[in-house]
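Enquirer:
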Amino acid sequence: MAASSVDSLYFDNAADSEEAARLFDETKGGVKGLVDSGITTVPKLFRLSPQTASQYGTTRSKSPCPFAVPVIDMKDLESRRAVVVEEIRRAAAELGMFQLVNHGVEVSVMEDMMAEARQFHEQPTELKQGYYSRDVTQKARFISGYGALRRSSFNWVDTLLMTPAPSDAQDHLPIICRDSATIFIGRIRELGETLSQLLSLALGLTPSTNEFISTNLTTANLNYYPPCPEPEVAIAANPHFDTSTFTILLQDQVGGLQVFHEGAADWVDVPSLHGALVVNIGNMLQVSKLIKGYLFLFCAL
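Below you can see the structure in the form of structure tokens.
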């Protein structure tokens, strides 16, 4: 693609958002490609409006929010099941998010997933551009600005979206992260089944997952957030609700995840805890306890 076409993304008189998105997609380099090119300002495609940037800058209170995301220990689950179920019920109802420790997914498995996810995103563009696509039928695809076409600006993020196969074999995934992803997906499926049973009990149902939640892992996303030259005018993830039943997230040590507390009308930081996994309750679970939902996995770098 000609350099002048890429440069047009940086001017105030660039084409409308759809045309700018098309030009950006043609580079197949993602946000990291922009950063690697040496940009010093955020392109218009990713730039928040002054009103939105101001809103994000003033949403959080000057003093720390007194609320914290609950941390639920799953150790000795069989003997502590009633306690864990009540902790999950309370956290899901009050905040819609909690962290799990001693959940059965080995730290080494999570670390390997993080390392290979980073390797995918940090490899040269020519080695990953074959996966760049907005075709939702593609089982493994690399995109940027996840969810951006529904919003006024692109999110500052590169994402590898993967649709796990029903079996343990994940031959369609990129070789560079296939081994770790296959193991990680298997462990998350096991945790998802256990969590589905606990949520069923918290709702007063039987622990049968078939009665409430399908444990079909429908999407596994590996998110990567490159350094931003103007972090005050861009955002990694717009405020949103997950449309799933629940989401399991793995954070790195940098953190940055927040959840909105309606009672406090403020954002609560979700600290990065070594070995922990974050669970976010999605709209499907909030809408009806009888609707079968889907389990989404987001691995955030």
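The numbering of the sequence shown is the UniProt record's numbering, which starts it at 1 and goes up by one.
Every residue, glycine too, gets a C-beta built ideally from N, C-alpha and C.
Have a look at Y132 and I143 and give me their C-alpha separation to the nearest angstrom.
Expert: Rounded to whole angstroms, Y132 to I143 spans 6 Å at the Cα level.
Enquirer: Between E126 and E86, what straight-line distance do the alpha-carbon atoms span, to the nearest angstrom?
Expert: Distance between the alpha carbons of E126 and E86 is about 50 Å.
Enquirer: DSSP three-state call for D158: helix, strand or coil?
Expert: It is a strand residue.
Enquirer: From P231 to R81, what does the alpha carbon distance come to, in whole angstroms?
Expert: Computed Cα separation, rounded: 43 Å.
Enquirer: What would DSSP say about L48, mapped onto helix, strand or coil?
Expert: L48: coil per DSSP, three-state reduction.
Enquirer: Under a CB-based cut-off of 8 Å, is P164 close to chain C?
Expert: No chain C appears in this structure, which consists of one protein chain only.
Enquirer: In whole angstroms, give me the CA-to-CA distance for L195 and K28.
Expert: Cα to Cα, L195 sits roughly 37 Å from K28.
Enquirer: Give the secondary structure of I188 by DSSP, where H, G and I count as helix, E and B as strand, and everything else as coil.
Expert: Helix at I188.
Enquirer: What three-state label does DSSP hand F120 in the structure shown?
Expert: Here F120 sits in helix by DSSP.
Enquirer: Can you tell me which of the three DSSP states A276 falls into?
Expert: It is coil, neither helix nor strand.
Enquirer: Comparing C-alpha positions only, which one of I248, L95, L161 and A234 sits nearest to E193?
Expert: Nearest C-alpha to E193: I248.
Enquirer: So what does R141 bridge to, in DSSP terms?
Expert: Answer is L161, bridged to R141.
Enquirer: By a C-beta neighbour count over all protein chains shown, 10 Å radius and 16 as the cutoff for buried, is L149 buried or exposed?
Expert: Residue placement at L149 is poorly supported in this model, since its pLDDT is 48, which falls under 50; the coordinates still yield a value, given next. L149 should be labelled exposed.
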